[in-house]
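First the structure, in the form of structure tokens, and then the observations on it.
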Amino acid sequence: MGDSDTYCRVELQGNVGHDPLIRYLDERTCMASFSVATDSLLPDTPGGAVTDWHDVVCYREPAHYVETHVRKGYKVRVVGRLTYKRYRSGEDKYNRKAMIIAEQVALISKPQPKKSVTPQEESITSPYADYRETLSKDAESGLPF
Numbered sequence: 053m054g055d056s057d058t059y060c061r062v063e064l065q066g067n068v069g070h071d072p073l074i075r076y077l078d079e080r081t082c083m084a085s086f087s088v089a090t091d092s093l094l095p096d097t098p099g100g101a102v103t104d105w106h107d108v109v110c111y112r113e114p115a116h117y118v119e120t121h122v123r124k125g126y127k128v129r130v131v132g133r134l135t136y137k138r139y140r141s142g143e144d145k146y147n148r149k150a151m152i153i154a155e156q157v158a159l160i161s162k163p164q165p166k167k168s169v170t171p172q173e174e175s176i177t178s179p180y181a182d183y184r185e186t187l188s189k190d191a192e193s194g195l196p197f
């Protein structure tokens, strides 16, 4: 079992799907869990890409980093190992769920704030512009209407 020439390494770069869930297992041991979305280019699919969601868990220093630096929508790079969580879904049915135990988490970029579109002055001339000008001149000349 302890062969040093076997290993499991996973590297992801993608967008964080939700703000990380932070828990302290004791006074100093921090745990962070979050999801990362990656796209796989598949030419035969509509849109050409499929989004995969990956569950990520990290402990101690990487978890402290995630707690202070990572939020929903940020692009991150995760390096770690793949493991499987076994859970019971029925009387005698057990399932396995893949998850990445992150050893390194790095912030690549934050989402750019969406620029608010401010309405520009109307560049289209209103068909009533000349009429308004005539009315204002008539009002200045003392006409009753």
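Note that the working numbering has the sequence shown beginning at 53, numbered continuously upward.
Just so it is clear, CB atoms sit at the ideal spot from N, CA and C, and this is done for glycine as well.
Out of the options, point me to the one whose CA is closest to residue i's CA.
{"i": "H41", "options": "Q156, N67, G100", "result": "The structure shown does not extend to residue 41, since the chain is modelled only from 53 through 197, so no value can be given for it."}
{"i": "K127", "options": "P95, I160, K145, P98", "result": "I160"}
{"i": "V102", "options": "V109, D91, D96", "result": "D91"}
{"i": "E155", "options": "Y146, K166, R129, P163", "result": "R129"}
{"i": "A89", "options": "G142, K162, A158, V108", "result": "V108"}
{"i": "A158", "options": "P165, V122, R140, A84", "result": "V122"}
{"i": "K206", "options": "D144, R148, P95", "result": "What the structure shows of the chain is the stretch from 53 to 197, and residue 206 is not part of that stretch, so it cannot be assessed."}
{"i": "D104", "options": "Q65, P95, D96, K167", "result": "Q65"}
Just mark residue i as buried or exposed, buried being the case when its beta carbon has 16 or more other beta carbons within 10 Å.
{"i": "V152", "result": "Position check: residue 152 holds Ile in this sequence, whereas Val was assumed. It counts as buried."}
{"i": "A150", "result": "exposed"}
{"i": "G132", "result": "buried"}
What does a CB cutoff of less than 8 Å around residue i pick up in its chain, not counting 5 residues either side in sequence?
{"i": "C82", "result": "I74, R75, Y76, Y111, R112, A115, H116, E119"}
Helix, strand or coil, according to DSSP, for residue i in the structure here?
{"i": "E155", "result": "strand"}
{"i": "H70", "result": "coil"}
{"i": "R112", "result": "helix"}
{"i": "F59", "result": "The question names Phe, but residue 59 in the sequence shown is Tyr. Residue state, collapsed to three classes: coil."}
{"i": "L77", "result": "coil"}
{"i": "Q164", "result": "coil"}
{"i": "I176", "result": "Confidence is the limiting factor: at I176 the pLDDT is only 48, short of 50, which leaves the residue's position unreliable, though a coordinate-based value still follows. I176 falls in the coil class under three-state DSSP."}
Considering only residues of the same chain and omitting the five flanking positions on each side of residue i, which have a CB-CB separation below 6 Å?
{"i": "K124", "result": "V68, H70, D71"}
{"i": "E63", "result": "V131"}
{"i": "F86", "result": "V68, P72, V108"}
Leaving out five residues on either side along the sequence, give the residues of the same chain with a beta carbon under 7 Å from the beta carbon of residue i.
{"i": "C224", "result": "In the structure as shown, the chain begins at 53 and stops at 197. Residue 224 is therefore absent and cannot be evaluated."}
{"i": "K162", "result": "Y126"}
{"i": "P165", "result": "none"}
### Task
Entirely within the segment 79-154 and at least 3 residues each: give me those beta strand (DSSP E) ranges in chain order.
82-93, 101-111, 127-140
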